[in-house]
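Participant: Okay, handing you the structure first.
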Amino acid sequence: MTPRKETVKNPRVRIAPSPTGYFHIGTARTALFNWLFAKKYDGKFIVRIEDTDKERSKIEFEKDIIEQMRWLGLTWDEGVEVGGDFGPYRQSECLDLYEKYLHQLIEKKRAYYCFCSAEELEIKKQEMMTRGESPRYDGSCRNLSADVIEEKLKNKIPYVIRIKTPDKKISFNDMIRGKVEFDCSLFGDQVIAKGFREPLYNFAVVVDDHHMRISHVIRGEDHLSNTPKQIVLYEALEWETPEFGHLPLILAPDKSKMSKRFGDVSVAEYRRTGYLAEALFNFIVFLGWHPEEKPGEVIKEILTKEEILESFDMKRVQKGGAIFNVDKLNWINSEHIKKLSINDLIEKSLPFLEESFGKEIFTDQKYLKKVIELHRERVKKLSDLTELIGYFFNLPDYPKELLVWKDSILENTKGNIDFLINLLSDLKNDNFTKNQLEVIVMPEAEKRGRGELLWPLRVALSGMKNSAGPFEIMPILGKKETLSRLKIALEKVQ
Ligand code: GLU
-16 MTPRKETVKN PRVRIAPSPT GYFHIGTART ALFNWLFAKK YDGKFIVRIE DTDKERSKIE
44 FEKDIIEQMR WLGLTWDEGV EVGGDFGPYR QSECLDLYEK YLHQLIEKKR AYYCFCSAEE
104 LEIKKQEMMT RGESPRYDGS CRNLSADVIE EKLKNKIPYV IRIKTPDKKI SFNDMIRGKV
164 EFDCSLFGDQ VIAKGFREPL YNFAVVVDDH HMRISHVIRG EDHLSNTPKQ IVLYEALEWE
224 TPEFGHLPLI LAPDKSKMSK RFGDVSVAEY RRTGYLAEAL FNFIVFLGWH PEEKPGEVIK
284 EILTKEEILE SFDMKRVQKG GAIFNVDKLN WINSEHIKKL SINDLIEKSL PFLEESFGKE
344 IFTDQKYLKK VIELHRERVK KLSDLTELIG YFFNLPDYPK ELLVWKDSIL ENTKGNIDFL
404 INLLSDLKND NFTKNQLEVI VMPEAEKRGR GELLWPLRVA LSGMKNSAGP FEIMPILGKK
464 ETLSRLKIAL EKVQ
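Quick note on numbering: this note's numbering labels position 253 of the sequence shown as 236, and the sequence is numbered without any gaps.
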């Protein structure tokens, strides 16, 4: 076992996604921690595509993985699309390399052909389970003679390749979990390839990590049980093992495991619903990590990428599961939205605005800016914006009952709307400002009851139970539109 390195210098780390699904939050987190680790210690971040699963790997998923990593602001020093000295960076292009090492392992008698059929293996497995043993390969083909092997190969008996696993305990110092120990006898001789050009994950990953000079393998805890199997291979190939670090599982709020295939955890989905890349980055990094608490200081949770990099430290990654809390994500997103300049906010909201209101919405930029400025504090995700501001671009549609304040009656509502129309008609256009409107309307609201007067006014303007206040809305809509909406309300209650 390699001794634990205390100081990290120029590490080479990687993310090795399998393109068998859209880029999801779990892989994004692994990518992000590796990226941070590389940046922090002046190392290299590598992107390798693990597409040995031919049936499930799709180019569309690979494209999504790359697109979303870029969107999150990750860059890589080597890997797919950027190249590098240790490629190819797609497993399907490395078959010659795997083949070479499979032959080497067989020649050195560290691996062997296994001709057992699936049916035979199943029977043996059942027998072991009946005896209360944990099922593992019984080693029938471990010591076949060269003649028998030759004969079977000549007769084209199907085979797989197994690694000889020593009956011993393997331990390693996990960067996050400390000492971890596994008893190899529990898993036995693993299949490492289905054929010379059909390597399986644990084998291909070891060959790649070695060839790409990976110094630290940082990945999700779901891979923890693969690590001893990979160490067996490092030993068989007489290669130095890298350091390993397993990030805590991401758990749903009820503490159940978040599923990889669970549609809405794909990064693209979050992007589509209006989460900012910097907010998602910020949120993801807190899934298992938080900055050091300094005495007398409150932990800052809204951080830029640069601030995260500044305080990032693997030692602060927790062992226990990280709960995925969507409310926290929404809060982080809203805080990042507040930090955007109005122009940036408009630009980032563009696809949402255009989809809901068409291109015309951008004709009056001044008006659009005022509307958005008024709502930015309430926006949790960019897609909320269109719902919040809809009434500024389309006449609101609402039932007349909504105009009636709490226990009031239609008759009073009608009287109050009528009163408002007269009151506001007298105001000059220039006086249609927040202050002036308050000066005119508020004393009347005190007399008639705040709710009695202000509620129907607000509903007439926005058509909503919850919206910005009437004194904010009126100056933006202007006198003409305000009066027109009040008249529509009056007609409703006639
Ligand atoms: N291809 C594996 C996955 O997508 C990652 C393997 C590794 O990091 O070792 O889960």
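Ideal placement from N, C-alpha and C gives every residue a C-beta, glycine not left out.
Buried or exposed: K37, going by 16 or more other Cβ atoms within 10 Å of its Cβ?
Facilitator: Per the 10 Å Cβ criterion, exposed.
Participant: Using a threshold of 8 Å, is the CB atom of Y350 nearer than that to any non-hydrogen atom of the ligand GLU?
Facilitator: No - the ligand GLU has no heavy atom lying nearer than 8 Å to the Cβ of Y350.
Participant: Can you give me the Cβ contacts of L259 inside the same chain, cut-off strictly under 7 Å, excluding the 5 residues immediately before and after it?
Facilitator: Hits under 7 Å: N316, H319, I320, K331.
Participant: At the level of alpha carbons, what is the spacing between T224 and I214?
Facilitator: Approximately 7 Å between the Cα atoms of the pair.
Participant: By DSSP, does S249 sit in helix, in strand, or in coil?
Facilitator: DSSP places S249 in strand when its eight states are reduced to three.
Participant: Just to confirm, does V188 get its C-beta within under 8 Å of one of the non-hydrogen atoms of the ligand GLU?
Facilitator: Checking every heavy atom of the ligand GLU against the Cβ of V188, one is found closer than 8 Å.
Participant: Report buried or exposed for L333, applying the criterion of at least 16 other Cβ atoms within 10 angstroms of its Cβ.
Facilitator: L333 comes out exposed.
Participant: Helix, strand or coil: which one does DSSP assign to V63?
Facilitator: Reduced to three states, the DSSP call for V63 is coil.
Participant: For H86, report the span of its alpha helix (DSSP H) as first-last.
Facilitator: Counting along the chain, the alpha helix (DSSP H) containing H86 begins and ends at 78 to 90.
Participant: Using C-beta distances below 6 Å, list every residue in its chain close to Y24, excluding the 5 sequence neighbours before and after it, in chain order.
Facilitator: Contacts found: V(-9), P(-6).
Participant: How about S1: is its Cβ closer than 8 Å to a heavy atom in the ligand GLU?
Facilitator: Checking every heavy atom of the ligand GLU against the Cβ of S1, one is found closer than 8 Å.
Participant: Return the CA-CA distance between K322 and K162, expressed in angstroms with no decimal places.
Facilitator: Approximately 43 Å, taken between the alpha carbons.
Participant: Buried or exposed, going by whether 16 or more other CB atoms sit within 10 Å of the CB of Y309?
Facilitator: Before going further, note that residue 309 is Val rather than Tyr in the sequence given. Looking at its Cβ environment, which holds fewer than 16 other Cβ atoms inside 10 Å, V309 is exposed.
Participant: Within the present structure, is the beta-carbon of T13 separated from the nearest heavy atom of the ligand GLU by less than 8 Å?
Facilitator: Within the cutoff, so yes.
Participant: Where does C97 fall in DSSP's three states?
Facilitator: In this structure, C97 counts as strand in the three-state DSSP scheme.
Participant: Where does G434 sit, in a helix, a strand or coil, going by DSSP?
Facilitator: If DSSP states are grouped into helix, strand and coil, G434 belongs with the helices.
Participant: Just how far apart, CA to CA, sit N395 and E421?
Facilitator: Using only the alpha carbons, I get a separation of about 21 Å.
Participant: What does the alpha-carbon distance come out to for the pair E226 and W54?
Facilitator: Each residue's alpha carbon lies about 29 Å from the other.
Participant: So, for S408: in the same chain, excluding its five sequence neighbours on each side, which residues have a beta-carbon less than 6 Å away from its beta-carbon?
Facilitator: Excluding positions up to five away in sequence, the list is empty.
Participant: Going by CA-CA distance only, name the one from E464, W388, E105, K107 that's closest to V442.
Facilitator: Residue W388 is the option with its Cα nearest to V442.
Participant: Using a threshold of 8 Å, is the CB atom of E33 nearer than that to any non-hydrogen atom of the ligand GLU?
Facilitator: Under cutoff, so the answer is yes.
Participant: Tell me, which residues are paired with W54 by DSSP?
Facilitator: None, per the DSSP bridge assignment.
Participant: Are the segment 369 to 383 and the segment 442 to 452 touching, with three or more C-beta to C-beta distances below 8 Å?
Facilitator: Touching, yes.
Participant: Determine the direct distance from the alpha carbon of R180 to that of E221, and round the result to whole angstroms.
Facilitator: Distance between the alpha carbons of E221 and R180 is about 22 Å.
Participant: May I ask which residues mark the beginning and end of the alpha helix (DSSP H) holding N156?
Facilitator: Where N156 is concerned, there is no enclosing alpha helix (DSSP H), although the beta strand (DSSP E) it sits in stretches over 152 to 157.
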